Amino acid sequence: MAKKKQKLREKKSNAGLVYAGLGVLLIAALLVYFPAPGESQEKLPTAGEYVKLNMPTTYEPGKVKIIEFLKFDCPHCYDLDRDMPQILEKYGDKIQVTYVPVVWPGQSTKSIEAYIIAEQMGKGEEMRDALFRAVNEDRKDMSSITVLEDTAASIGLGADFNTKLENNDAREAARSNLELRDKYGVQGTPTVIINGNLDVKPSIANLDAVIGSLLS
């Protein structure tokens, strides 16, 4: 009789473990399909060319966050800069673009500093366009402080800009750009990162396809 009771208790114990295990699996499944309040699952594009990186996502429903690594002496970056308004006009405030000018090791960071200072002074877009034109059309030397100050003057920036540039006020911010470049392993420009972890082929047609699918 005692042996029968012992076996019964063992069966109940084993059944309890099975149910407990099933309960854990069920909870895990529910967490996958129903994220906790305030959390959202990442959405991946269903169109376009991209590579998913091993980086944290910044995905937010109804938004597309773009980081563009660029060099002012890169003709492909200049082409993308001239085409980008198509995307900005089409998707409006649903997209957020952060421009990150970079240089390669050994090159002057002065063009990056000039852009950052102009951006801080409310002239980032104008300065970006002016720097692209200066180097790609006028063949100016972007390591020259005089050239950078003349470029700034062409968009209405004067003595305050010059003082900040000459005093290296944006030197650390420029270095932060290079640290971000290295963090993402950027080997060429333009490099376009979407939602923190999608390395997207940087053509307007492809960007349109990827962004459209993320917002659909």
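In terms of the numbering used here, the sequence shown has 73 at position 86, counting the first letter as 1, and numbering is strictly consecutive.
For glycine and all other residues, C-beta sits at the position ideal for the given N, C-alpha and C.
This one's a predicted model, so the numbers in the text were calculated from it and none came from an experiment.
- Within 10 angstroms of the beta-carbon of Glu100 lie 16 or more other beta-carbons, which makes it buried.
- Annotation: Pro189 is outside any alpha helix (DSSP H) and is labelled neither H nor E by DSSP.
- Our two residues, Asn41 and Gly143, have alpha carbons roughly 42 Å apart in a direct line.
- For Val134, no beta strand (DSSP E) encloses it; the enclosing alpha helix (DSSP H) starts and ends at 132 to 140.
- In this structure, Thr138 keeps its C-beta atom at 9 Å or more from the C-beta atom of Met108.
- Taking each of Glu159, Lys58, Leu67, Leu57 in turn and checking the Cα distance to Ala192, the smallest one comes out for Leu67.
- Distance from the CA of Lys30 to the CA of Ala140, rounded to the nearest whole angstrom, comes to 44 Å.
- Its Cα nearest to that of Lys58, the residue Val179 stands out among Val179, Pro48, Asn149.
- One alpha carbon belongs to Val84, the other to Trp91, and they sit about 22 Å apart.
- Where Val122 is concerned, there is no enclosing beta strand (DSSP E), although the alpha helix (DSSP H) around it starts and stops at 111 to 123.
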